[in-house]
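In what follows, a structure is listed as structure tokens, so that the remarks can point back to it.
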Amino acid sequence: MTEKNETSRRILWGAGTARTLRAHWMLHELGIAYEMRPIGSRTGETQTAEFTGLNPRQKIPLLQDGDLTLAESAAIVTYLAETYGQPAGLIPPAGSPERAKYFEWCFFTMMELDAHTLYVIRKHTQLARIYGEAADAVRAAREGFDKQVRVADQLLGSKGPFLLGGSFTGADILLTTCLSWAQRLEVPLSATLQEYAERTTSREGYRLGFAANQRA
Ligand SMILES: N[C@@H](CCC(=O)N[C@@H](CS)C(=O)NCC(=O)O)C(=O)O
């Protein structure tokens, strides 16, 4: 797999959002070179013929790694960790109980925190001009986020320092980006979750990935 690292052309499409940050962050955790196409969301740049040809979903992030074209931020983070990050412990070994827990945290974070609650809040507040006002849905989503994220809060309060224990993994990238997103939406976080986010965002990979994720 490391030969691929040295020879294939790697291009990451997308910048400027919590979801694009996930891919930039993992690439910088791995320290592997890539080209950037920092197209933005809601700019029309995901609708061009060139990008639509690559991703008919018209969504960022999108990774090209040699012949592979891959959408979905959690899939990109997991693919990169599996292909290039096992020596660094960025994902547990395939088939292990720890890998099963890695998947549990990834799917939980993407579904219960990203899609079901944070994005619902965003849709009916910051994007209300498109999706409409829906105060009840926003209230329920805030409560839902609070209830669901408590699972991470309890685990990190009693174990940690990362979701899977001693090793920082792709699952921490997904959770941290959701926690930062929650803070931007003024959803309160417990002291344990704030300390966790301070720990994960103090990493060099985060600092470099965050800088790469800025749109000029
Ligand atoms: N589940 C997808 C969601 C991707 C997504 O919705 N991306 C948004 C930006 S955060 C997007 O590209 N929207 C299309 C646009 O705004 O043009 C993932 O995690 O990658």
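Residue numbers (the numbering used here): 7 to 222. Don't be surprised by glycine CBs; every beta carbon is placed ideally from N, CA and C. Being a predicted model, the structure only gives us computed values, none of them experimental.
Close-in-space but distant-in-sequence residues of the same chain around residue i (CB under 6 Å, 5 per side omitted)
i: residue 191; result: 127
i: residue 15; result: none
i: residue 7; result: For residue 7, the predicted structure reports a pLDDT of 41, less than 50, and the residue's modelled location is therefore unreliable. A value from the coordinates is still provided. Once the five neighbours on either side are set aside, the close Cβ partners of residue 7 are 89.
Test item: CB-CB of residue i and residue j under 8 Å
i: residue 202; j: residue 166; result: yes
i: residue 151; j: residue 193; result: yes
i: residue 17; j: residue 70; result: yes
i: residue 72; j: residue 173; result: no
i: residue 79; j: residue 29; result: yes
i: residue 199; j: residue 185; result: yes
i: residue 45; j: residue 66; result: yes
i: residue 24; j: residue 183; result: yes
i: residue 154; j: residue 118; result: yes
i: residue 221; j: residue 77; result: no
i: residue 115; j: residue 177; result: yes
i: residue 196; j: residue 159; result: yes
Sequence-distant residues of the same chain with beta carbon closer than 7 Å to residue i, five excluded per side
i: residue 54; result: none
i: residue 211; result: 31, 34 and 35
i: residue 137; result: 129 and 130
i: residue 187; result: 24 and 124
i: residue 204; result: none
i: residue 85; result: 76
i: residue 171; result: 165
i: residue 148; result: 127 and 193
Cβ distance (whole Å) where residue i is taken to contact residue j below 8 Å
i: residue 180; j: residue 112; result: 6 Å
i: residue 219; j: residue 26; result: 6 Å
i: residue 87; j: residue 175; result: 7 Å
Neighbourhood of residue i by C-beta distance below 8 Å, restricted to the same chain and skipping five residues each side
i: residue 91; result: 32, 35, 36, 97 and 176
i: residue 9; result: Because residue 9 sits at a pLDDT of 44, beneath the cut-off of 50, its placement in the model cannot be relied upon, and the following sentence gives the value as read from the coordinates. Within the same chain, residue 9 has no close Cβ partners at all.
i: residue 75; result: 60, 61, 68 and 69
i: residue 5; result: Outside the shown range of the chain, which is 7 to 222, sits residue 5, and nothing can be said about it.
i: residue 209; result: 35 and 174
i: residue 161; result: 169
i: residue 139; result: 130
i: residue 51; result: 45 and 57
Any C-beta of chain B under 8 Å from that of residue i
i: residue 144; result: Considering every chain present, this structure includes no chain B. It has just one protein chain.
> Which runs of the alpha helix (DSSP H) spanning at least 4 residues fall entirely within the region 85-125, listed in chain order?
Replying inline: Runs found: 103-114.
> Can you give, in chain order, each stretch of the alpha helix (DSSP H) that sits fully within the region 32-73 and has at least 4 residues?
Replying inline: Here the runs fully enclosed are 55-60.
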